[in-house]
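Chemist: Residue numbers (my numbering): 78 to 161.
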Amino acid sequence: MENSTMKPLEESEFPQGQRVILFHGFSREELMLLINLLNSHPQVPRDIITATTTETSLNWRVADLLAELAKEHEYFKKQRQGEK
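1. With distances taken Cα to Cα, identify the nearest neighbour of F100 among L111, Q93, P122, P92.
2. Look at S134 and L142 and say whether their C-beta atoms are less than 7 Å apart.
3. Quick one: what's got a C-beta closer than 6 Å to P92's C-beta in the same chain, skipping five residues either side?
4. Could you check what DSSP says for R96 in three-state terms: helix, strand or coil?
5. Just to confirm my understanding: we take L115, look at its own chain, exclude 5 residues before and 5 after, and list those with CB closer than 8 Å. What are they?
6. Taking the straight line between their C-alpha atoms, what separation do you get for E132 and E145?
7. With DSSP as the reference, please indicate the residues paired to A128 in a beta bridge.
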């Protein structure tokens, strides 16, 4: 199963409990609308990773993609905290 696009998440660097919404096939306008709706809803947790697929990411293993998204999320989170 070495060439599989899936591997157990416990083997990845993805934080336990982290949530991700991965969008695919939406226009930019649709994405902005959906993300704005998520961000404006009071019951949606604030620490959800939202991302879109790319030509490159479609070839990644899911666990590797999630680990990369978690790293990017942490980086941008620290950047925002530095701006305050």
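Beta carbons: idealized from backbone N, C-alpha and C, even for Gly. Bear in mind that the values here come from a model prediction, so they are computed numbers and not experimental data.
Modeler: Let me lay it out:
1. When each option's Cα is compared against that of F100, the closest is L111.
2. Note that the C-beta distance between S134 and L142 is below 7 Å.
3. Around P92, the same chain offers A147 as residues with beta carbons nearer than 6 Å, after the five sequence neighbours per side are excluded.
4. In the three-state scheme derived from DSSP, where H, G and I count as helix and E and B as strand, R96 is classed as strand.
5. Hits under 8 Å: I98, V121, I125, T127.
6. Rounded to whole angstroms, the gap between the alpha carbons of E132 and E145 is 15 Å.
7. Answer is L99, bridged to A128.
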